[in-house]
Amino acid sequence: MAEAASGRKNIVIGVGGGIAAYKVGSVIRHFTEAGHGVRVIPTESALKFVGAATFEALSGNPVSTEVFDDVPQVAHVRLGQEADLVIIAPATADLMARAATGRADDLLTSTLLTARCPVMFVPAMHTEMWEHPATQTNVRTLREQGATVITPASGRLTGVDSGAGRLPDPQEIALLGELLLERPDALPYDLRGVKFLISAGGTREPLDPVRYLGNRSSGKQGYALARAAAQRGAQVTLVAGATADLAPPAGVEIVRIKSAEQLSDEMTKRAPETDVVIMAAAVADFRPMSVAESKIKKTGDGPAPIELTTNPDILAGLVEARRSGQIPGEVSIVGFAAETGDEHHGVLDHGRAKLARKGCDLLVVNAVGDGKAFGMDHNTGWVLAADGHETALPLGTKTLMASRILDAVLALRTDEGAMRPDGGAPKVDATANTDPV
Ligand code: CTP
0 MAEAASGRKN
10 IVIGVGGGIA
20 AYKVGSVIRH
30 FTEAGHGVRV
40 IPTESALKFV
50 GAATFEALSG
60 NPVSTEVFDD
70 VPQVAHVRLG
80 QEADLVIIAP
90 ATADLMARAA
100 TGRADDLLTS
110 TLLTARCPVM
120 FVPAMHTEMW
130 EHPATQTNVR
140 TLREQGATVI
150 TPASGRLTGV
160 DSGAGRLPDP
170 QEIALLGELL
180 LERPDALPYD
190 LRGVKFLISA
200 GGTREPLDPV
210 RYLGNRSSGK
220 QGYALARAAA
230 QRGAQVTLVA
240 GATADLAPPA
250 GVEIVRIKSA
260 EQLSDEMTKR
270 APETDVVIMA
280 AAVADFRPMS
290 VAESKIKKTG
300 DGPAPIELTT
310 NPDILAGLVE
320 ARRSGQIPGE
330 VSIVGFAAET
340 GDEHHGVLDH
350 GRAKLARKGC
360 DLLVVNAVGD
370 GKAFGMDHNT
380 GWVLAADGHE
390 TALPLGTKTL
400 MASRILDAVL
410 ALRTDEGAMR
420 PDGGAPKVDA
430 TANTDPV
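Oh and the sequence shown: position 122 is 121 in numbering that gives the first Met the number 0, straight run, nothing missing.
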């Protein structure tokens, strides 16, 4: 793998012959705009959907499909050797079958054999083709060979049918590609069958028919956790409040809520059926005492006629429900703390106190304020465990932070329960293979 100068990386984008090829232009654009060098290698059939001129114009590089097109440059060896990341999108059933068996019958499959960098297949096909045992065997083989195979999205497919097999949103493909550039081993398929319940975004507390009390949470960190967990094989339900305009993570069930009370209802109802609960949502601590039926009018210059009451502490409630047996003892509970620090105590001191107060197993602490964390794409912080174990999370994308938080969750659950305050039994057998992929 060649290290490009000044953070500039060499990205190979392989394009298979599927209708979703037309969406790949946005992925190419993402990486060229980020300053990386992009080489597009389509298959012959990909060029039936999108012309070579489009890929050449978007990447700024020539495009060929055949090993014999550029013989003096030995392109089929050089492109793979020099790559820092290979993304195959759309990865068709045929292309994955050829890759899984080590075929080298065109420039793209030859490049795959010479690449030693992270390789990410992004499948897109009809549900029947995706679910076919032959395809699933190829997916498993590719994963065993060290490639990342993305779980496709569900939704409308070509024609009138819908189901699993849709190409994930290009924004999601770009985020996962960036993650593999930052941390090549960030997406092992090691959370197979583990059920995650993750809250994300901000709550909105209604005041009257036109107003609410809200906060600045973008939801990016909770979405990143859902995205990374799903791509590591977990079964993820994301309970989402108000967020920025974010791509829905592929393979994740999304439940929408607005207020803290709705969030509390969803989390309390679903937690007993899950393995890991992560409260990444920014929950309003207060809500208006009552919701006015008509728009609240000004009352002269005096104080606003709004009385507030305290919302339930959902995280503490979940911990209490586990203590009292309403939630099984094996469910792991993870909280977040956004802290600014003050004249007496630093961010980490506040985090330690909050971990003790909330009683959860892990607390992810971020520093906020001064343009940090809220709405940003990058984040830094610590994971504090109830047993006193503390892990620093270096500055990186929120997806990178998510992958490290998931590592801490996995350690918690495979470590003989040693980090659990109640010493609960471990639930995850990281080697278990309970589903086909
Ligand atoms: N949280 C919750 N219910 C609330 C408030 C917060 O479940 N009503 C959760 C958040 O999702 C987060 C954790 O508790 O996982 C800490 O949130 P934070 O707002 O930092 O905590 P507070 O308890 O509100 O503490 P503070 O007094 O510092 O605001």
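We put the CB at the ideal spot given by N, CA and C, even for glycine.
Rounded to the nearest angstrom, what separates E127 and A315 at their Cα positions?
Going by the C-alpha atoms only, they are around 44 Å apart.
Please state whether DSSP places Y222 in a helix, a strand or coil.
DSSP places Y222 in helix when its eight states are reduced to three.
Ends of the beta strand (DSSP E) at M440?
An answer regarding residue 440 cannot be provided, because it is not within the stretch 0 to 436 covered by the chain.
Classify D376 as helix, strand or coil using the three-state DSSP reduction.
Three-state result, D376: coil.
Shorter than 7 Å, the distance from the beta carbon of V290 to the closest heavy atom of ligand 1, or not?
Incorrect: V290 has no Cβ contact closer than 7 Å to ligand 1.
Would DSSP call R115 helix, strand or coil?
It is coil, neither helix nor strand.
Closest to A384 by C-alpha separation, out of G250, R412, G395 and G50, would be which residue?
When only C-alpha atoms are compared, the closest one is R412.
Taking DSSP's pairing of strands, which residues face V37 in a bridge?
I10.
In whole angstroms, what separates the C-alpha of R165 from that of P287?
If you take the alpha carbons of R165 and P287, they lie about 42 Å apart.
Taking C-alpha atoms, which residue in G101, V238 and T242 lies nearest to E252?
E252 has its Cα closest to that of V238, out of G101, V238 and T242.
Can you give the Cα-Cα distance for A22 and S44, rounded to whole angstroms?
Reading the sequence as shown, one finds Lys at residue 22 and not Ala. Their backbone Cα atoms lie some 16 Å apart in a straight line.
Taking 6 Å as the limit between beta carbons, can you name the residues of its chain near V290, skipping five residues before and five after?
Within the same chain, V290 has close Cβ partners P205.
Are there any heavy atoms of ligand 1 lying less than 7 Å away from the beta-carbon of K357, as far as the coordinates show?
K357 Cβ: within cutoff of ligand 1.
Grab me the residues of M124's own chain with a C-beta within less than 7 Å of its C-beta, minus the 5 sequence neighbours each way, in chain order.
Closer than 7 Å at the Cβ level, and outside the excluded window around M124, lie G17, T91, A92 and G164.
What does DSSP give as the partner residues of I277 in its beta bridges?
Bridge partners of I277: I197 and V333.
Let me know if F285 comes out buried or exposed under the rule of 16 or more other beta-carbons within 10 Å of its beta-carbon.
Looking at its Cβ environment, which holds fewer than 16 other Cβ atoms inside 10 Å, F285 is exposed.
Check the DSSP bridge columns for R210 and list the partner residues they point to.
Answer by DSSP bridge pairing, in chain order: D207.
Using the C-alpha atoms, what's the distance from L405 back to D360?
Distance between the alpha carbons of D360 and L405: 13 Å.
On a CA-only basis, which of G192, E143, A19 and G221 is nearest A281? Give me that one, please.
Comparing Cα positions, the closest option is G221.
Does the beta carbon of G440 fall short of 7 Å from some heavy atom of ligand 1?
Residue numbering for the chain in the displayed model covers 0 to 436; residue 440 lies beyond these limits and cannot be assessed.
On the CB-based measure, 16 or more other CB atoms within 10 Å of its CB, does L112 come out buried or exposed?
Exposed is the call here.
Between the beta-carbon of M278 and the beta-carbon of S217, is there less than 8 Å?
No, Cβ-Cβ distance for M278 and S217 is not below 8 Å.
Following a CB-centred definition, is I172 positioned closer than 7 Å to any heavy atom of ligand 1?
No; taking the cut-off as 7 Å, the Cβ of I172 has no heavy atom of ligand 1 nearer than that.
Can you find the residues in the same chain that come closer than 6 Å, C-beta to C-beta, to I10, ignoring five residues on each side of it along the sequence?
Taken in chain order, the residues that qualify are F30, H35, V37 and L84.
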